[in-house]
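Please read the structure below before turning to the comments.
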Amino acid sequence: MTDDNTAKDAVVIERNFDAPVDLIWKMWTEPEHFKAWYGPDGATIPVAKMDVRVGGARLVRVDVETPGGPMQMWFIGEYRDVVENQRLAYTESMSDESGNVLSAAEVGMPDGHPTTTEVIVELEDLGGRTKMVMTHAGIPADSPGAAGWTMALNKLATRVAAHSAR
Amino acid sequence: MTDDDRLDETFAALSNATRRAILARLAEGAANVNELAEPFDLTLPAISKHIKVLERAGLVVRSQRAQFRPCALDPTPLEEVSTWAEQYRPVWEARFDRMDDYLKQLRPRRKTGRTR
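Protein sequences appear in the order of chains A and B.
In terms of the numbering used here, the first sequence opens at residue 1 and continues consecutively.
In terms of the numbering used here, the second sequence opens at residue 1001 and continues consecutively.
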């Protein structure tokens, strides 16, 4: 999971934590714990609603202080994969407070910026310690899901490598 | 064109299923517009329009000389997409540093009662 294949269009980070796997799972799935580490420095997470089951919704509000004053951001998403203590996948899009997805342009990002991204967390029990692999991938709005996007690009990259002489 | 503009073009070009299918076909080898149009229920002008978007994004190059101006894939912009993803890396690294700190704070309260 950590090598070149996924690195093309996604951030892949592997970390080991000195904590049992069920606690790391809670870091991602229980609002009280999630709020404690997720926001950038100086930010607060006043809202973290998590209906942690496949098809369940998540809505997170992040408040940050900017030179121009306080800023409020909402993120809406859906859980795609939930296997307790092993694997969690959810989508994420910037939204308004009711969870209506905003386009990249509406939030001041470049047009081509993917509206929806997917976060995948994979956990491995190392006996009291935990190995975590987090993948954050961009997926275009009309894609059925990150799988389609990632697979399409990976397939392209593989084929391109094979045909690279131009 | 700035890096951001280029990235915009790449993502805009990729955010369409027909255009991704065209790229996947071109990954197998060069093809002309008629060949590219074949699997789709679209007119030739519509396919040409998709190809122009891909050309503008630098994902497709067309030979100027050959009679049928075959299209070929240029993977360079795909490599720049990874740069987009990479900007999230420091954000996540900082989050996980905080998760680590937070876990250390929780430790004394845990039932196992390990000391720091």
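Note that the Cβ used here is the ideal one computed from N, Cα and C, for glycine as well.
Cβ-Cβ distance between residue i and residue j below 8 Å
{"i": "threonine 1043 (chain B)", "j": "glycine 1058 (chain B)", "result": "no"}
{"i": "phenylalanine 17 (chain A)", "j": "isoleucine 24 (chain A)", "result": "yes"}
{"i": "valine 60 (chain A)", "j": "tyrosine 79 (chain A)", "result": "no"}
{"i": "serine 93 (chain A)", "j": "threonine 116 (chain A)", "result": "yes"}
{"i": "arginine 1025 (chain B)", "j": "leucine 1036 (chain B)", "result": "yes"}
{"i": "isoleucine 13 (chain A)", "j": "tryptophan 1092 (chain B)", "result": "yes"}
{"i": "arginine 1019 (chain B)", "j": "leucine 1054 (chain B)", "result": "yes"}
{"i": "aspartate 81 (chain A)", "j": "arginine 87 (chain A)", "result": "yes"}
{"i": "phenylalanine 1040 (chain B)", "j": "isoleucine 1051 (chain B)", "result": "no"}
{"i": "alanine 10 (chain A)", "j": "alanine 137 (chain A)", "result": "yes"}
Residue i, buried or exposed, once every other Cβ within 10 Å from all chains shown has been counted against 16
{"i": "aspartate 1097 (chain B)", "result": "exposed"}
{"i": "alanine 19 (chain A)", "result": "buried"}
{"i": "leucine 126 (chain A)", "result": "exposed"}
{"i": "glutamate 1028 (chain B)", "result": "exposed"}
{"i": "aspartate 1008 (chain B)", "result": "buried"}
{"i": "threonine 44 (chain A)", "result": "exposed"}
{"i": "glycine 42 (chain A)", "result": "exposed"}
{"i": "proline 1090 (chain B)", "result": "exposed"}
{"i": "valine 91 (chain A)", "result": "The sequence shown places threonine at residue 91 (chain A), not valine. Threonine 91 (chain A) should be labelled buried."}
Inter-residue Cα distance where the pair is residue i and residue j
{"i": "valine 119 (chain A)", "j": "arginine 58 (chain A)", "result": "12 Å"}
{"i": "glycine 145 (chain A)", "j": "glycine 55 (chain A)", "result": "Reliability of the predicted coordinates at glycine 145 (chain A) is poor, the pLDDT of 40 falling under 50, and no value is obtained from them."}
{"i": "asparagine 85 (chain A)", "j": "valine 121 (chain A)", "result": "10 Å"}
{"i": "leucine 102 (chain A)", "j": "valine 62 (chain A)", "result": "15 Å"}
{"i": "aspartate 22 (chain A)", "j": "proline 1070 (chain B)", "result": "56 Å"}
{"i": "glutamate 32 (chain A)", "j": "threonine 1010 (chain B)", "result": "39 Å"}
{"i": "arginine 1056 (chain B)", "j": "proline 1045 (chain B)", "result": "16 Å"}
{"i": "glutamate 124 (chain A)", "j": "valine 47 (chain A)", "result": "29 Å"}
{"i": "methionine 71 (chain A)", "j": "glutamate 106 (chain A)", "result": "15 Å"}
Contact with chain D by residue i, beta-carbon distance below 8 Å
{"i": "arginine 1062 (chain B)", "result": "The chain inventory of the structure shown lacks chain D, comprising the protein chains A and B."}
Residue(s) in a DSSP beta bridge with residue i
{"i": "lysine 131 (chain A)", "result": "A:Asn16 and A:Glu124"}
{"i": "proline 67 (chain A)", "result": "According to DSSP, which records beta bridges pairwise, proline 67 (chain A) is partnered with nothing at all."}
{"i": "isoleucine 76 (chain A)", "result": "A:Leu59 and A:Ser93"}
{"i": "threonine 44 (chain A)", "result": "A:Asp63"}
{"i": "valine 11 (chain A)", "result": "A:His136"}
Under 8 Å, CB to CB, which of the residues in the stretch 10 to 23 of chain A have a partner in chain B? Result list: Ala10, Val11, Ile13, Arg15, Phe17, Asp18, Ala19 and Leu23.
To be precise: take each residue of the stretch 24 to 38 of chain A, compare its Cβ to all Cβ atoms of chain B, and keep it if any distance is under 9 Å. Which residues remain? Ile24, Met27, His33, Ala36, Trp37 and Tyr38
So if I threshold CB-CB distances at 9 Å, which residues from the stretch 51 to 77 of chain A count as touching chain B? none
Between the stretch 1089 to 1109 of chain B and chain A, which residues of the former have a C-beta closer than 9 Å to a C-beta of the latter? Arg1089, Val1091, Trp1092, Glu1093, Ala1094, Arg1095, Phe1096, Asp1097, Arg1098, Met1099, Asp1100, Asp1101, Tyr1102, Leu1103, Lys1104, Gln1105, Leu1106 and Arg1107
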